[in-house]
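Note that the working numbering has the sequence shown beginning at 15, numbered continuously upward. Glycine included, every Cβ here is placed at the ideal spot set by N, Cα and C. All values reported here derive from a predicted model rather than from experimental measurement. Please read the structure below before turning to the comments.
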Amino acid sequence: MSRGAHASRAQAPATHGLARFTLAGLLLAGGLGTWLMADPYRGMEAKATAWLADLVSTQPIWSAAEQPVIFVGRPVDLAFVITPSCSSMIVAVIFFVASGLLSFFGRRFRLRRILMAFAVAVVLALFINFARMILIVLASSEWSRQIGFQLSHEWLGSFLTVFGMAFALLVYLFLLARDRSPVASP
């Protein structure tokens, strides 16, 4: 073997370790940033939910500024505050942290596989939470605060959240487990 072959082989693990360390740092920083920016994150969720719900509602549905509040009607008939526990933020932070830790410590997983599993799971969690919030807003505005809210928030919304987030977690784990071969490069 030539001397150059030994040099490139010796550099691959160092580069690989640097890629793992960098990705882990970025994912953990993303999780921390998402956590610290909870109010703007919830404001974005409120705006997106209001816009989507307004497309199919018989009443105007809107959100103002950066507040995590969805309003129904003009003048306002109902207002929904998106609390931290109603937000997909917590699930996103969990996937950020888990993927960051796996990037650094999970040597058996390819970095591309970790990123793909992370992206798919977070997008699923976002869509599931948007569907839940739209369901709550529409049911409450169309059927009444008492019946619509109780049915959509406490029963259907809880069911959708539990099974939807479990599905996102299973997809995350499935995508990670598809390729567990030891790797020499990211």
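query	result
Given a cut-off of 8 Å on the beta-carbon distance, is the pair Phe-85 and Ala-93 in contact?	yes
Could you tell me the boundaries of the alpha helix (DSSP H) in which Phe-85 lies?	Run containing Phe-85: none in the alpha helix (DSSP H); it sits in the beta strand (DSSP E), 83-86.
Who are Trp-76's beta bridge partners in DSSP?	Phe-85
Counting pairs of Cβ atoms below 8 Å between the stretch 57-73 and the stretch 146-157, do you hit three or more?	yes
Give the secondary structure of Val-90 by DSSP, where H, G and I count as helix, E and B as strand, and everything else as coil.	coil
For Ile-161, count neighbouring C-beta atoms within 10 Å of its own C-beta (all shown protein chains included) and say buried if the count is 16 or more, exposed if not.	exposed
Under DSSP, the alpha helix (DSSP H) around Pro-98 begins and ends at which residues?	It is not in any alpha helix (DSSP H) - Pro-98 carries neither H nor E in the DSSP assignment.
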